[in-house]
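Notes for the one structure printed next.
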Amino acid sequence: MTRSGGRVEGKVAFITGAARGQGRSHAVRLAREGADIYATDACEDITSLTYGMATEEDLAETARLVAETGRRIVTRKVDVRDQDGLDAAAADAVEQFGSLDIVSANAGICGCRPTIDLTEDEWQDMIDINLTGVWKTTKATIPQLLATGGGSIVLTSSVVTYSGSRNVAHYNASKHGVIGLMQTLAAEFGGRGIRVNAVHPGNVGTDMLFSESTLHVFCPDLENPTIDDLRERARGRNVMDLAWVEPEDITNAVLWLASEEARYVTGVSIPVDCGLRIS
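Written as structure tokens, this is what we have:
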């Protein structure tokens, strides 16, 4: 059922990494709040990672969930490392829906390994997707935003940029880069009707957090750590004694930044981390 009078009513949102996890959550909630959705995902595994990526079936499920809200959705299989593919997707979003108003550069990966043990592939895949992929997403969508009246871009960074963390040098470096990119874009395009901000998730209950490599980082003394083991170890790392938040908790921040409620907010970082950065 279509919800009228939503917080992003009549807007068009372009979301990367939309097949599952935070990206799916963003797509469904923005649709419930009145936006039409252009959802992209690579839907291909990455050999340097220890967990499987989203599938085309996952992306189809996102489409089904958005369609249930009564809003329109178009999905497209595209890797954020592919500039031509992103350019075509952004142009198609405007062709399909008539405008582009919101961009969620959400696609990202994570892996855990001591810094000096990282392979070149692990390092490069992380930088190419988490940082260069975000830049390519903005490069593809900003011309479309400018052409249709401006809008809001929300980049996904991480709480690790506040305090650092062992065994994620490539991830941390990529997410620090996202903040530098966000600040520069906010300065460049604030006078042209585009706001650019970032969310910094802490632990979020998705397949990325529950991967084998992450479990071993939290539980290095256990041969076969479980999600329950992770829950106990992660709770004490933040001031709210919560192991992780849900994707919807990150979506709440994305929705606010995308909405008119944040119409004068640009160049800021919003952590959603149960106070992990101050613990």
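All residue numbers for the sequence shown refer to my numbering, where the first residue is 135 and numbers rise by one. In this text, a Cβ means the ideal position worked out from N, Cα and C, and glycines have one as well.
For residue i, the three-state DSSP class (helix, strand or coil)
i    : result
D355 : coil
A147 : strand
T181 : coil
V200 : helix
R137 : Caution is warranted here: a pLDDT of 45 is assigned to R137, below 50, making its placement in the model unreliable, and no coordinate value can be reported.
N264 : helix
P277 : helix
N301 : coil
S159 : helix
P381 : helix
V338 : strand
S308 : helix
V294 : helix
S467 : An answer regarding residue 467 cannot be provided, because it is not within the stretch 135 to 413 covered by the chain.
T400 : coil
V142 : coil
T189 : coil
T360 : coil
V228 : helix
E366 : helix
D259 : helix
Identified DSSP bridge partners for residue i
i    : result
A239 : L289
R210 : T174
D329 : Correcting the residue type first, residue 329 is Arg in the shown sequence and not Asp. Answer is S286.
V406 : P335
Own chain residues within Cβ distance below 6 angstroms of residue i, not counting five before or after
i    : result
A377 : R365, A368, R369
F231 : V146, D170
D407 : V293, G336
D255 : S182
T249 : A303
Q317 : G401
Neighbourhood of residue i by C-beta, 7 angstroms cutoff - its chain only, sequence neighbours within 5 removed
i    : result
T400 : A320, G324, R329, V330, N331
L388 : One point to set straight first is that residue 388 is Val, not Leu, in the sequence displayed. Once the five neighbours on either side are set aside, the close Cβ partners of V388 are H160, S238, V288, V333.
G327 : G283, G284
G144 : G168
I263 : V214, R215, A241, G242, I243
Residue i versus residue j - alpha carbon distance
i    : j    : result
N372 : A225 : 42 angstroms
R141 : V200 : 16 angstroms
G151 : M187 : 10 angstroms
I412 : N301 : 20 angstroms
M374 : L410 : 8 angstroms
V214 : E357 : 35 angstroms
A274 : V162 : 23 angstroms
L343 : L220 : 27 angstroms
I404 : D355 : 33 angstroms
Y172 : L349 : 33 angstroms
G245 : Q217 : 24 angstroms
S233 : R206 : 13 angstroms
S297 : I236 : 29 angstroms
Q258 : V351 : 21 angstroms
W390 : A396 : 6 angstroms
T379 : V338 : It should be pointed out that residue 379 corresponds to Val in this sequence rather than to Thr. If I take the Cα positions, the gap works out to 5 angstroms.
D341 : P359 : 15 angstroms
E195 : G157 : 12 angstroms
V208 : R247 : 37 angstroms
A392 : S286 : 5 angstroms
E322 : L164 : 26 angstroms
T295 : G314 : 11 angstroms
C353 : G139 : 47 angstroms
D251 : E394 : 46 angstroms
Contacting residues, own chain, Cβ-Cβ under 8 angstroms from residue i (five flanking each side not counted)
i    : result
I261 : H304, A307, S308, G311
K211 : T174, D175, A176, C177, E190, L193
R137 : Confidence in R137 is poor, its pLDDT being 45 and thus under 50, which makes the residue's placement unreliable; the coordinate value appears in the next sentence. Closer than 8 angstroms at the Cβ level, and outside the excluded window around R137, lie R166, E167, G168, T203, G204.
M135 : Because the pLDDT of M135 is 40, which lies under 50, any placement of that residue in the model is unreliable, and the number read from its coordinates should be weighed accordingly. Cβ within range, chain order: T203, G204.
R179 : In the sequence on display, residue 179 carries Asp and not Arg. Closer than 8 angstroms at the Cβ level, and outside the excluded window around D179, lie G186, M187.
Residue-level contact to chain C via CB, residue i, 8 angstroms cutoff
i    : result
D255 : Considering every chain present, this structure includes no chain C. It has just one protein chain.
>> Count Cβ pairs between the stretch 252 to 271 and the stretch 384 to 394 that sit closer than 8 angstroms; are there 3 or more?
In response: no
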